[in-house]
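> Mapping the sequence shown onto numbering that gives the first Met the number 0, position 49 (from 1) lands on 48, and the numbers just tick up by one.
Each residue gets a CB set at the ideal place from its N, CA and C atoms; glycine is no exception.
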Amino acid sequence: MSLEPNAPAERDGHAVLLDGVVGIRIRRLQALFGIHWQNWFRARSLAVTPVQGGVLLLIRRYPGISQIALARRLRIEPPTLVQTLSPLIKLKLVERDRAADDGRVSELRLTKAGLDAAALVETSLPQHEADLLRFLSVEERQAFLELLDKAIAGAEAAIEGQENVE
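(1) Going by DSSP, which residues form a beta bridge with GLU106?
(2) Could you check what DSSP says for ASP130 in three-state terms: helix, strand or coil?
(3) Just the C-alpha distance for GLU145 and ARG74, rounded to the nearest angstrom, thanks.
(4) Closer than 8 angstroms by C-beta to ALA157: which residues in its own chain qualify, once you throw out the five before and the five after it? Chain order, please.
(5) Exposed or buried, which one is ALA70 when buried takes at least 16 other CB atoms within 10 Å?
(6) When the Cα atoms are used, what is the spatial distance from SER136 to ARG103?
(7) Report the CB separation of THR110 from LEU92 in whole angstroms; it is logged as a contact under 8 angstroms.
(8) Under the three-state reduction of DSSP, which class applies to ARG74: helix, strand or coil?
(9) With DSSP run on the structure shown, which of helix, strand or coil describes ARG26?
(10) Inspect the beta-carbon positions of ALA116 and LEU56 and report whether they are closer than 7 angstroms.
(11) Please go through the same chain and pick out, in chain order, the residues whose beta-carbon is closer than 8 angstroms to the beta-carbon of PHE32, but skip the five residues on each side of it.
(12) Go to ARG59, then tell me how far its alpha helix (DSSP H) extends in each direction, as first and last residue.
(13) Just to check my reading of the structure: GLN51 and LEU80 have Cβ atoms closer than 8 angstroms, yes? What is that Cβ distance to the nearest angstrom?
(14) So, under 8 angstroms CB-CB, LEU107 and ILE58 are touching, yes? Tell me the CB distance rounded to an integer number of Å.
(15) So which of ILE23, VAL47, ILE64, HIS35 has the shortest CA-CA distance to HIS127?
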């Protein structure tokens, strides 16, 4: 197989040119976590995404939370939350009701099936993460989490700085 003169070399099917791109690596890791998550929970008859699993845990922790408050906690836009919630409502894991004191506000609660699903997510998370991070020592895992937190804080500050410039 011949390469074009300016084509990047490949290793394991990935262009070496992209090896230094942090966002590519983060996205690849996120995709691998997502695939493992989907396989793990489908095998347990629960077809939810990682974000939907997080939504179930938050609604269980804060029954009656408004959609706006939940979107803020997740740091996502309300329309994105609606897309995330719709399948959970369709699966009868989440109920959405109007607040008694303000009909414009939608409150969220888990159904019995939703409570069971949230419990499955919570009890499965340690094994799911252990499977994916088994190649890291305890010290490396702690350092990895600390670096992720630092990178997230830096990215949030950079975005906030962009917003303040406009």
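If we stick to the structure as given:
(1) Residue 106 sits at position 107 when you count from the first residue of the sequence shown. Bridge partners of GLU106: SER65, ASP96.
(2) In the sequence shown, counting from the first residue as 1, residue 130 sits at position 131. Correct three-state label for ASP130: helix.
(3) As a working note, residue 145 is residue 146 in the sequence shown. As a working note, residue 74 is residue 75 in the sequence shown. In this structure, the CA atom of GLU145 is about 20 angstroms from the CA atom of ARG74.
(4) On the sequence shown, position 158 is the one that residue 157 refers to. Contacts found: none.
(5) Start at 1 with the first residue of the sequence shown, and residue 70 comes out as number 71. Answer is buried; the Cβ neighbour count reaches 16.
(6) Looking up residue 136 in the sequence shown gives position 137. Looking up residue 103 in the sequence shown gives position 104. Using only the alpha carbons, I get a separation of about 49 angstroms.
(7) As a first step, residue 110 is located in the sequence shown; it is residue number 111 there, counting from the start. As a first step, residue 92 is located in the sequence shown; it is residue number 93 there, counting from the start. At roughly 6 angstroms, the Cβ-Cβ gap stays under 8 angstroms, so THR110 and LEU92 are in contact.
(8) Within the sequence shown, the letter at position 75 stands for residue 74. In this structure, ARG74 counts as coil in the three-state DSSP scheme.
(9) For the purposes of this step, residue 26 is taken as the residue at position 27 of the sequence shown. In the structure shown, ARG26 falls within a helical segment according to DSSP collapsed to helix, strand and coil.
(10) For the purposes of this step, residue 116 is identified with residue 117 of the sequence shown, where counting begins at 1. For the purposes of this step, residue 56 is identified with residue 57 of the sequence shown, where counting begins at 1. Contact: no.
(11) Within the sequence shown, the letter at position 33 stands for residue 32. Short of 8 angstroms from the beta carbon of PHE32, and not among the five residues preceding or following it, lie these beta carbons of its own chain, in chain order: PRO49, LEU131.
(12) Position 60 of the sequence shown, counting from 1, holds the residue named residue 59. Where ARG59 is concerned, the enclosing alpha helix (DSSP H) stretches over 49 to 60.
(13) By one-based count along the sequence shown, residue 51 stands at place 52. By one-based count along the sequence shown, residue 80 stands at place 81. Actually they are not in contact, since the Cβ atoms of GLN51 and LEU80 sit about 11 angstroms apart, beyond 8 angstroms.
(14) Looking up residue 107 in the sequence shown gives position 108. Looking up residue 58 in the sequence shown gives position 59. The pair is a contact, with the Cβ atoms about 5 angstroms apart (cut-off 8 angstroms).
(15) If you number the sequence shown from 1, residue 127 lands on position 128. When only C-alpha atoms are compared, the closest one is HIS35.
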